[in-house]
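Participant: In numbering that gives the first Met the number 0, the protein residues as written are 0 to 223.
We put the beta carbon where it would ideally sit given N, CA and C, even for glycine.
The structure follows.
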Amino acid sequence: MKSERPDLPLTIATLVLSATPVTPLEQPSVRLARFAITSTALVLLSVVILGVRSDVAAQMINGWFVARATATLAIVVAAAIVAVFMSVPGVEPSRLVRALPLTACLVWTAMLISTIAATRSPLDVLLQVTPHPSCVLLIAATALPPGVALVRMLQHAAPLQATWTAGLAGLASLALGALGAQFVCSNDAAAHHLLWHFTPVVLLTLASAAAGPSVFGWSRRRPF
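Spelled out as structure tokens, the structure:
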């Protein structure tokens, strides 16, 4: 009976002949720096194209505006760092570190909800919010270019946890889109931001996580 075991020397020779040149990946810190520079330029370009709000200079010294911008920026930084390190097998961050982006999201949520709760009738405030689907489109359009850049960067690595990596990449880019939207959208009401800035970011992040196996799963299916 013919053995089903492969011919080891032949297998090695086949792999050597079929091998293609491999470009070593840069250090995660280098890739993060490149993403920071690229994403900043893309968001600035998007904001200029979409139209900067007329009172942006005054808002830069407005405590409420700065607090929201700081919260979303913290989410961007935390999510991008964790996503990049999760894409490198063997250096995946601990659960505690992975919780940092979610903690930053909770801070953003608490900031908005506490401001709404401080009003006389929080429920009425929420019910009276005018629908603004244009803000959702604004956030998505601003987030798309840096999001594509980040995903392509992560695909060059070997993310083993596709869902987590995709979700964090989506969160980083969408929070960046929300940050850019602050410089375009002139509505600073907490209820508006909760329903038409924060909620779309959460929902689109969940959609990004669900698409993770399709986006990053190829690295586990790739044949020799």
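#1: Give me, in chain order, the residues of the same chain whose beta-carbon lies closer than 7 Å to that of A189; leave out the 5 immediate sequence neighbours on both sides.
#2: Hey, would you say L170 sits closer than 8 Å to T118, going by beta carbons?
#3: Indicate the three-state DSSP secondary structure (helix, strand or coil) for C184 in the structure shown.
#4: Identify, in the order they occur along the chain, each residue of the same chain with its Cβ nearer than 6 Å to the Cβ of R219, setting aside the five sequence neighbours on each side.
#5: Less than 6 Å between C-beta atoms, sequence neighbours within five positions excluded: which residues of the same chain meet that for S207?
#6: Suppose you measure from the CA of A142 to the CA of P8; what does that come to, to the nearest Å?
#7: Find the nearest neighbour of L122 within the set V47, L193, I138, judged by alpha-carbon distance.
#8: Examine the Cβ distances between the segment 173-184 and the segment 68-79 and report whether three or more of them are shorter than 8 Å.
#9: How many Å lie between V75 and V83 at the Cα?
#10: Kindly provide the ranges of any alpha helix (DSSP H) runs that are 4 or more residues long and lie completely inside the segment 34-100, ordered along the chain.
#11: Give the DSSP-derived three-state secondary structure of G216 in the structure shown.
#12: I'd like the span of the alpha helix (DSSP H) that includes S133, first residue to last.
#13: If you draw a straight line from the alpha carbon of L105 to that of T13, how long is it in whole angstroms?
#14: Please classify S133: is it buried, with 16 or more other beta-carbons within 10 angstroms of its beta-carbon, or exposed?
#15: From T198 to T108, what does the alpha carbon distance come to, in whole angstroms?
#16: Is L149 near the ligand ADP, with its Cβ less than 7 Å from a heavy atom?
#17: Quick one: using the 10 Å Cβ neighbour count with 16 as the cut-off for buried, is G62 buried or exposed?
Facilitator: To lay it out plainly:
#1: L111, T114, I115
#2: One thing to note: L170 has its Cβ no nearer than 8 Å to the Cβ of T118.
#3: coil
#4: For R219, the predicted structure reports a pLDDT of 44, less than 50, and the residue's modelled location is therefore unreliable. The matter cannot be settled from this model.
#5: A165, G166, G169
#6: Approximately 50 Å, taken between the alpha carbons.
#7: L193
#8: Note that the segment 173-184 touches the segment 68-79; at least 3 beta-carbon pairs, one per stretch, sit closer than 8 Å.
#9: 12 Å
#10: 55-58, 62-85
#11: coil
#12: Here the alpha helix (DSSP H) through S133 covers 132-154.
#13: Distance between the alpha carbons of L105 and T13 is about 52 Å.
#14: exposed
#15: So the alpha carbons of these two residues sit roughly 10 Å apart.
#16: No copy of the ligand ADP appears in this structure; indeed no ligand is present at all.
#17: exposed
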